[in-house]
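In what follows, a structure is listed as structure tokens, so that the remarks can point back to it.
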Amino acid sequence: MVESGNGNRMLHIYTSGEISGSLFYLCGSSKAVKMATTMSWGSYLLIHVVIFSWYVFTLSANCSLKITQGHPGAKTYGGRWKYLTFLNLVLQTVFFGLVVLIDIIHLILPSKNLRCGVPLLLVKLRDTIFTIWAFPIGTFVFLSFWSIYHYNRELVFPKFLDDIIPIWLNHAMHTVTLPLALLQMYIQPHRYGSKMRGLLGLSVLAVLYLGWVLWVHHVAGIWVYPIMERLSPMGLVIFLGVSSITMAPLYLLGEKLNHKIWKSTAVSAGPQKKKKK
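Counting from 2, one number per residue, gives the positions in the sequence shown under the numbering used here.
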């Protein structure tokens, strides 16, 4: 085993008989790329169960909100599914549910069974969801909501909503998502694919959501967010365009942060020479 240092975080490079952290295998090949950390899969499971439980609780609290005549919310066309905040909560809940499943699989299966098949596919799915959607969208919800809120809260979260949505739930939906995404990135590495594929996947989702927002307005005559009601047609086009374009830098930010945190831990597996002291 080789040990190396990266600032204050000690990193370990494991031989083929040792497993910790996240593994990326080339199925059918003797070569593999291993991302290793000092955390055990049991530690990962504990952290991820807590985060997953938090999102389930938050999602349940959101669905249990009392709908009033002043703010019909879920009673109007599209229900809660027209709000990006709610969609993000569902996305984060599904993602961390998948992560918990992966942790359990790595705890109960022998290492030789993790190199191919379903375990490998689940890890790839985890990284795809996190890198292309969970991190960029979670970050976008935080930045867009609070930037508009501090400019003029009536444009995104009118004051009367304080009587409907508790302060803690507001922060759970719009604030906590970013720290939890950063925590996930810090404790566990994620493989980023090509920029083209990542940006394309994110763009497709952004276009689908914008199409959904416009469809809701076309069918029900309502705008999802108050700010859209106050914009001219040209202003609305600019607003939606800027919102969509903003997603790309957030994807690139996630890629850069992931590389900065984990750049020293990606190594080719195989015979390792002990470092002479």
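Don't be surprised by glycine CBs; every beta carbon is placed ideally from N, CA and C.
Since we're looking at a predicted model, the values are computed, not measured.
Exposed unless 16 or more other CB atoms sit within 10 angstroms - verdict on residue i
| i | result |
| --- | --- |
| Y193 | buried |
| V157 | buried |
| M186 | buried |
| R127 | buried |
| V124 | buried |
| F58 | exposed |
| D96 | In the sequence as displayed, the identity of residue 96 is Phe instead of Asp. Buried is the call here. |
| P190 | buried |
| W263 | buried |
| K83 | buried |
| G74 | buried |
| L115 | buried |
| V205 | exposed |
| D104 | buried |
| H172 | exposed |
| A182 | buried |
| L122 | exposed |
Nearest-angstrom beta carbon gap, residue j and residue i [assumed within contact, 8 Å]
| i | j | result |
| --- | --- | --- |
| L92 | I138 | 6 Å |
| N63 | L85 | 13 Å between Cβ atoms; not a contact. |
| V238 | V225 | Actually they are not in contact, since the Cβ atoms of V238 and V225 sit about 16 Å apart, beyond 8 Å. |
| I300 | T77 | Past the boundaries of the shown model lies residue 300; the chain is included only from 2 to 278, so the question cannot be answered. |
| V101 | L46 | 7 Å |
Residue i, enclosing alpha helix (DSSP H) - first and last residue
| i | result |
| --- | --- |
| L126 | G118 to I130 |
| T69 | Neither: T69 is in no alpha helix (DSSP H) and is coded neither H nor E. |
Backbone secondary structure at residue i - three-state DSSP
| i | result |
| --- | --- |
| G29 | Only weak support exists for where G29 lies, its pLDDT of 44 falling under 50; the coordinates are left without a value. |
| L293 | This structure does not reach residue 293, given that the chain is present from 2 up to 278, and the question cannot be answered. |
| K264 | coil |
| T94 | helix |
| V157 | coil |
| T77 | coil |
| N259 | helix |
| S17 | At S17 the pLDDT is 33, less than 50, meaning the model places this residue with poor confidence and gives no usable figure here. |
| S41 | coil |
| V34 | Note that V34 scores 39 on pLDDT, short of 50, meaning its location in the model is unreliable and no value can be drawn from it. |
| P167 | coil |
| Y152 | helix |
| Y84 | coil |
Contiguous beta strand (DSSP E) assignments of at least 3 residues, all confined to the region 169-250: none
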